[in-house]
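In the numbering used here, the protein residues as written are 41 to 129.
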């Protein structure tokens, strides 16, 4: 088997193990805002129409008038007048 090399006693540089720094942005890049994905808004709740209330229907009143004029004999006139009222629903 090959022998392991001894580690050097020289102090290691921190830069090699440290994280890299973020790059510097130009002024133009700082001024522009990035577009962020926005959540889709929920659809507005639909208002339900109030149930229609049936209005009471007023009863229809029908009036019928009939007039009968008879002449059974010359110079004799008979007038019959009939008036009837009824409710129609």
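The C-beta atom is built at its ideal place from N, Cα and C for all residues, glycine as well.
The structure displayed is predicted, hence computed values, not measured ones.
- According to DSSP, is residue 79 helix, strand or coil? coil
- Message: For a quick check, are the C-beta atoms of residue 105 and residue 123 less than 8 Å apart?
- Response: yes
- Message: So if DSSP puts residue 127 in a beta bridge, which residue, or which two residues, is it bridged to?
- Response: 101
- Item | Inter-residue CB distance, residue 102 and residue 128 (contact presumed, cutoff 8 Å) | Indeed, because the Cβ distance is near 6 Å, the residues count as touching under 8 Å.
- Message: What does the alpha-carbon distance come out to for the pair residue 79 and residue 86?
- Response: 21 Å
- Coarse secondary structure for residue 68, derived from DSSP in three states: helix
- Task: Would you kindly check if the distance between the Cβ of residue 117 and the Cβ of residue 111 is under 8 Å?
- Result: yes
- Query: For chain D, is any of its Cβ atoms less than 8 Å away from the one on residue 99?
  - Reply: As a matter of chain content, chain D is missing from the structure shown, which is built from one protein chain.
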